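Take a look at the structure set out below.
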Amino acid sequence: MFKNFDVIVVGAGHAGCEAACAAANLGSSVLLITQNLNAIAQLSCNPAMGGVAKGQIVREIDALGGYSGIITDQNTLQFRMLNLSKGPAMWSPRAQVDNITFSISWRKVLEQIPNLSLWQDDVIGLKIENQKVCGVRTKMGLEIEGKSVVLTNGTFLNGKIHIGETNFLGGRIGEEQSKGLSENLKEYGFEVKTLKTGTPMRVDGRSIDFSKLEEQKGDSLPKQFSFIVQREKALEQRSCFLAYTSLKVHNILREGFDKSPLFQGRIKGVGPRYCPSIEDKIERFSSKDRHQLFIEPESNYSSLFYINGFSSSLPLSIQYEALRNIEGFENAIIQKPGYAIEYDYFPPTQLKDTLETKQIENLYFAGQINGTTGYEEAASQGLMAGINASLKVNEKPSFTLKRSESYIGVLIDDLITKGVDEPYRMFTSRAEYRILLRQDNADLRLTPLSFAIGLASKERMERVERKKISCNQLVSFIEKTSAEPKEVNALFEEKETPQINQKTKISQLLLRPQITLKDLANNVPSLNESIQSIPMDIKEEIIEGAEIVIKYQSYIDKEQEIADKLSKYENLVIKDDFDYQALKSLSYESREKLSKIRPKTIGQASRISGVSPSDISVLIIYISR
Numbered sequence: 309m310f311k312n313f314d315v316i317v318v319g320a321g322h323a324g325c326e327a328a329c330a331a332a333n334l335g336s337s338v339l340l341i342t343q344n345l346n347a348i349a350q351l352s353c354n355p356a357m358g359g360v361a362k363g364q365i366v367r368e369i370d371a372l373g374g375y376s377g378i379i380t381d382q383n384t385l386q387f388r389m390l391n392l393s394k395g396p397a398m399w400s401p402r403a404q405v406d407n408i409t410f411s412i413s414w415r416k417v418l419e420q421i422p423n424l425s426l427w428q429d430d431v432i433g434l435k436i437e438n439q440k441v442c443g444v445r446t447k448m449g450l451e452i453e454g455k456s457v458v459l460t461n462g463t464f465l466n467g468k469i470h471i472g473e474t475n476f477l478g479g480r481i482g483e484e485q486s487k488g489l490s491e492n493l494k495e496y497g498f499e500v501k502t503l504k505t506g507t508p509m510r511v512d513g514r515s516i517d518f519s520k521l522e523e524q525k526g527d528s529l530p531k532q533f534s535f536i537v538q539r540e541k542a543l544e545q546r547s548c549f550l551a552y553t554s555l556k557v558h559n560i561l562r563e564g565f566d567k568s569p570l571f572q573g574r575i576k577g578v579g580p581r582y583c584p585s586i587e588d589k590i591e592r593f594s595s596k597d598r599h600q601l602f603i604e605p606e607s608n609y610s611s612l613f614y615i616n617g618f619s620s621s622l623p624l625s626i627q628y629e630a631l632r633n634i635e636g637f638e639n640a641i642i643q644k645p646g647y648a649i650e651y652d653y654f655p656p657t658q659l660k661d662t663l664e665t666k667q668i669e670n671l672y673f674a675g676q677i678n679g680t681t682g683y684e685e686a687a688s689q690g691l692m693a694g695i696n697a698s699l700k701v702n703e704k705p706s707f708t709l710k711r712s713e714s715y716i717g718v719l720i721d722d723l724i725t726k727g728v729d730e731p732y733r734m735f736t737s738r739a740e741y742r743i744l745l746r747q748d749n750a751d752l753r754l755t756p757l758s759f760a761i762g763l764a765s766k767e768r769m770e771r772v773e774r775k776k777i778s779c780n781q782l783v784s785f786i787e788k789t790s791a792e793p794k795e796v797n798a799l800f801e802e803k804e805t806p807q808i809n810q811k812t813k814i815s816q817l818l819l820r821p822q823i824t825l826k827d828l829a830n831n832v833p834s835l836n837e838s839i840q841s842i843p844m845d846i847k848e849e850i851i852e853g854a855e856i857v858i859k860y861q862s863y864i865d866k867e868q869e870i871a872d873k874l875s876k877y878e879n880l881v882i883k884d885d886f887d888y889q890a891l892k893s894l895s896y897e898s899r900e901k902l903s904k905i906r907p908k909t910i911g912q913a914s915r916i917s918g919v920s921p922s923d924i925s926v927l928i929i930y931i932s933r
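When the count follows the numbering used here, it moves up by one through the sequence shown with no breaks and lands on 933 for the last residue.
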């Protein structure tokens, strides 16, 4: 009934969808198995993609040939570029998306790839021979053969949902947990732990008094995530809204603490530090009189609104009472309660940098199964796992990304090197080379690498080459061309910056923080002419990219210099079978940590907690012999 697939992907969340598409587009035969074909790529929590550092990841996925950016653009309700008041390294795209059509769009993509098959079932175990995976066993009693398997089970592995004193089994509210797979993996020596996450209630928008809320509109000139697929028509944006809790609301919530599974110890898993429940927030930040809530639309085809910032596992009666004491929500009707969910995950130190497990060959983990939280983090892991599963079964070299090349590289290196003790979320602060890893240059950084392995299309690559050439030409023009005082002094007076009395290079004028490249183009005819010659489909990107290069060149060069200096440690490879225990000159802790994680390079070894600089020096001496 089923053929022997090259890659079997288990789970059709964001990780599973990207994994299946990547493997199939690289030429592998792929089977994607999920419990519910009508719940593909669900936005279980916030109906949004991107955000701080997360937006950079979505752009990197797009640059590599993934689909998250394209599908986000197709279903955007509102677009905002966050952190525009800061430097470009911090700019982060974010989109509110239509939760209903987002899933449909993903299914269309999956069904259009010829060598990708879908099957609705639940995987309860793996077929393993000689420490090598060779297929899966399903709840229907099927044994399906596959040369490699990618597990992307999300919160479904032994998932348990908590609402007050009520708890029941489930991977998402309304959907069954996945039972058996965790136990099966334990038998093969995998370490399994428990984490917790939660989601806020969904409220009927018809019951909200929006006149009492602060309106939050999208950008006046909304951008998009995809570098390659342009919007067919102008984006009609929906507004989001701001609301606030109060001391009265906090006191109502506190009344439910005696029935809280979190505070009563019924929840054992650790939750995400940077996305706490409302009860967590009022307990940890007791001095705050109020907390901000973001009221976000779910879909153009639904009245539902998502109450971002109000995640809770308190009893429904408490959730209701607290909500109705928030201004604008006096008559609010909840359609879906907030809840917490506990689920199994596998500490990611059990993985190689390809996301293949160390214990079982050709078995890959991606997404929340690795202890991460967030659609974007999951999707990027799925993409990389799908790529590497396909490359390996086709006997091709693996594909990995360095910390200096991408946020995806930072994410995976952090996971496999440091592990997690709480759900891992990406932030710009986790990237030491964030000036290099901007959202605007993801295609320049990554598309050539993806094209080299056959994933990124020729069309993508040609667009990147055009963009690179056009940007270099514009930067060169700006550096060589001068502006006359009469062309710019009126502008400078308006912007309250000193006027000039002689011809000055445009590049020097652009260094002024008050002045943009578009400002100068509107006043310097030669510059405007140069910009108008740029192809329309890449013009805005070129303007933005050139301005960043000119304004921040010294910072970019310095960071690149640091990255180049440290790269020597990333190129010092440690053999897989290196015997750390034999090096008695290493500390006991270092020997234990190094033996467990088995770093691939000296650079990775240096990032392991508990491994000292002196231990690294010892290692360098030994591997250099």
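Every residue, glycine too, gets a C-beta built ideally from N, C-alpha and C.
No experiment lies behind these values; they were computed from the predicted model shown.
Among the options, the one whose alpha carbon lies nearest that of residue i
i	options	result
G577	N559, P731, G377	P731
C967	L385, N836, K901	The structure shown does not extend to residue 967, since the chain is modelled only from 309 to 933, so the question has no answer here.
E523	F602, F533, L828, S620	F602
Y552	M398, L622, E635	E635
Y896	G911, I905, G918	G918
K859	V718, Q538, A397	A397
I649	I856, I469, A327	I469
L719	K541, A674, I695	A674
N616	S554, Q643, P584, I786	P584
K704	K876, R915, S336, E848	S336
Residue i classed as buried or exposed, judged by whether at least 16 other C-beta atoms fall within 10 angstroms
i	result
M692	buried
Q822	exposed
D729	exposed
V881	exposed
E563	exposed
K596	exposed
K541	exposed
Q343	buried
E855	buried
Through-space distance from residue j to residue i, alpha-carbon basis
i	j	result
S425	G319	13 Å
A686	S758	19 Å
S352	G506	10 Å
K803	P793	15 Å
N346	L874	47 Å
T805	I677	54 Å
I295	A630	Since the first residue of the chain shown is 309 and the last is 933, residue 295 is not available in this structure.
K700	L799	58 Å
T789	R768	31 Å
A361	S706	25 Å
R771	D887	47 Å
S411	S376	11 Å
V926	T909	14 Å
D923	S893	8 Å
Q861	N831	24 Å
G497	L663	17 Å
N383	R546	12 Å
S413	S534	15 Å
Q938	R774	A question about residue 938 goes unanswered here, because the residues of the chain that appear run from 309 up to 933.
A871	R738	15 Å
N639	N633	9 Å
D512	R480	20 Å
Delimiting residues of the beta strand (DSSP E) encompassing residue i
i	result
D887	Looking at the DSSP string, D887 is not in any beta strand (DSSP E), and its letter there is neither H nor E.
L601	600–605
Q524	522–524
Y552	548–552
Residue span of the alpha helix (DSSP H) that contains residue i, given as start and end
i	result
A330	322–333
G617	G617 -> not in any alpha helix (DSSP H); beta strand (DSSP E) instead, spanning 612–619.
D381	376–382
R899	896–905
T657	Note, T657: premise wrong, no alpha helix (DSSP H); not H, not E.
D722	715–726
I929	921–931
S914	910–914
D314	Element bounds for D314: not the alpha helix (DSSP H) but the beta strand (DSSP E), 313–318.
Residue i Cβ short of 7 Å to the ligand ADP heavy atom set
i	result
P422	Absence of the ligand ADP is noted for the structure shown, with no ligands found whatsoever.
Pick out the complete alpha helix (DSSP H) segments inside the segment 664–706, 4 residues or longer, and give them in chain order. With a minimum length of 4 residues, the continuous alpha helix (DSSP H) runs that stay inside the segment 664–706 are 683–701.
Which runs of the beta strand (DSSP E) fall wholly inside the segment 728–783 and span at least 3 residues, in chain order? Complete beta strand (DSSP E) runs here, min 3: none at all.
Give the list of continuous alpha helix (DSSP H) stretches no shorter than 4 residues that lie fully inside the segment 419–506. The segment 419–506 contains these whole alpha helix (DSSP H) runs: 489–495.
Completely contained alpha helix (DSSP H) runs for the segment 784–861, where each covers 4 or more residues: Taken in chain order, the complete alpha helix (DSSP H) segments of 4 residues or longer contained in the segment 784–861 are 793–802, 814–818, 825–829, 833–840.
Go through the segment 344–376 residue by residue and report every complete run of the alpha helix (DSSP H) that reaches 4 residues or more, in order. With a minimum length of 4 residues, the continuous alpha helix (DSSP H) runs that stay inside the segment 344–376 are 362–372.
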